[in-house]
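In my numbering, the protein residues as written are 9 to 180.
In this text, a Cβ means the ideal position worked out from N, Cα and C, and glycines have one as well.
Since the model is a prediction, treat every value here as computed from it, not as a measurement.
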Ligand SMILES: [Zn+2]
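Next up, the structure:
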């Protein structure tokens, strides 16, 4: 495993133990060249998945990318790393066991939104606003409406179920 700091290829495993849910082996590594320390995870991959992006491009599914986009949404939020780990693993397992070799980025986005909704409202709104590419304040209001009691906007209009489709269709 190459050192992420100096690129040295001779890193050593200092400690190896199963993660809390037993679905991964966590290894603490140290680089003898620069003394950099980092952690790697070894996980079961049930199957190879391809992601079909909105652009029509196909790319291999990468757990790390999923983890990064969730980390960005959860930045500076007080959510335990183990819960984030479980969310990422849960989404990955759902995708891998769904039986399709190809998944759309949209389907992944929906799973992430569902997961974040139960984890942290702020992260959910952050992720959804990027994922849905919101352009109007009322899009946010409609989204906040889905959070129920937590919604801080009493004057938010009722979300129209068919409105997003109409707006999408109207875009150039
Ligand atoms: Zn190094």
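With distances taken from CA atoms, which of 67, 71, 44 is nearest residue 93? Within the chain shown, numbered from 1, the residue matching residue 93 stands at position 85. For residue 93, the nearest C-alpha among the options comes from 71.
Identify the continuous beta strand (DSSP E) that holds residue 32 and give its terminal residues. As a first step, residue 32 is located in the chain shown; it is residue number 24 there, counting from the start. First-last of the beta strand (DSSP E) with residue 32: 32-38.
What did DSSP end up calling residue 17 once you bin it into helix, strand or coil? By one-based count along the chain shown, residue 17 stands at place 9. In this structure, residue 17 counts as coil in the three-state DSSP scheme.
Cβ-Cβ separation, residue 111 to residue 124 (assumed contact under 8 Å), whole Å: Taking the chain shown and counting its residues from 1, the one referred to as residue 124 is at position 116. Taking the chain shown and counting its residues from 1, the one referred to as residue 111 is at position 103. Contact doesn't hold; Cβ gap of about 18 Å is too wide.
Is residue 81 closer than 8 Å to residue 134 when the C-beta atoms are compared? In the chain shown, residue 134 corresponds to position 126, counting from 1. In the chain shown, residue 81 corresponds to position 73, counting from 1. Result yes, Cβ atoms of residue 134 and residue 81 sit closer than 8 Å.
From the DSSP output, in three-state form, read off residue 135 for me. Sequence index remark: in the chain shown, residue 135 carries index 127 (1-based). Residue state, collapsed to three classes: helix.
Leaving out five residues before and five after residue 128 in sequence, what residues of the same chain have Cβ atoms less than 7 Å from its Cβ? Residue numbering aside, residue 128 sits at position 120 when the chain shown is read from its first letter. So the qualifying residues of the chain are 82, 85, 87.
Cross-strand partners of residue 66 (DSSP beta bridge): Position 58 of the chain shown, counted from the first residue, corresponds to residue 66. In the DSSP output, where bridge partners are listed per residue, residue 66 has 60.
Quick check: the Cα distance between residue 137 and residue 40, rounded to an integer number of angstroms? Here residue 137 refers to the residue found at position 129 of the chain shown. Here residue 40 refers to the residue found at position 32 of the chain shown. About 43 Å.
Identify the continuous beta strand (DSSP E) that holds residue 87 and give its terminal residues. Indexing the chain shown from 1 puts residue 87 at position 79. From DSSP, residue 87 is part of no beta strand (DSSP E); its letter is neither H nor E.
Put residue 9 into one of helix, strand or coil per three-state DSSP. Within the chain shown, numbered from 1, the residue matching residue 9 stands at position 1. Three-state result, residue 9: coil.
Look at residue 105 and residue 60 and say whether their C-beta atoms are less than 8 Å apart. Translated into positions along the chain shown, residue 105 becomes position 97. Translated into positions along the chain shown, residue 60 becomes position 52. The answer is no: Cβ separation not under 8 Å.
Using a Cβ-Cβ cutoff of less than 8 Å, which residues in the same chain neighbour residue 66 once the five nearest sequence positions on both sides are dropped? The residue you call residue 66 lines up with position 58 of the chain shown. Closer than 8 Å at the Cβ level, and outside the excluded window around residue 66, lie 58, 59, 60, 110.
Alpha carbon to alpha carbon, how far is residue 75 from residue 95? Give it in angstroms, no decimals. For the purposes of this step, residue 95 is taken as residue 87 along the chain shown, with counting starting at 1. For the purposes of this step, residue 75 is taken as residue 67 along the chain shown, with counting starting at 1. Looking at the two C-alpha atoms, the distance is approximately 9 Å.
So for residue 114, helix, strand or coil by DSSP? As a working mapping, residue 114 is identified with position 106 in the chain shown. If DSSP states are grouped into helix, strand and coil, residue 114 belongs with the helices.
Nearest to residue 139 by CA position, among 48, 52, 77, 25, is which residue? Sequence index remark: in the chain shown, residue 139 carries index 131 (1-based). Per the Cα distances, 77.
Below 8 Å on the Cβ atoms is my guess for residue 64 versus residue 13; work out the distance and round it to an integer in Å. Here the question's residue 64 lines up with position 56 in the chain shown. Here the question's residue 13 lines up with position 5 in the chain shown. In fact, because the Cβ distance is near 37 Å, the residues do not count as touching under 8 Å.
Helix, strand or coil: which one does DSSP assign to residue 24? Along the chain shown, one-based indexing puts residue 24 at 16. DSSP places residue 24 in strand when its eight states are reduced to three.
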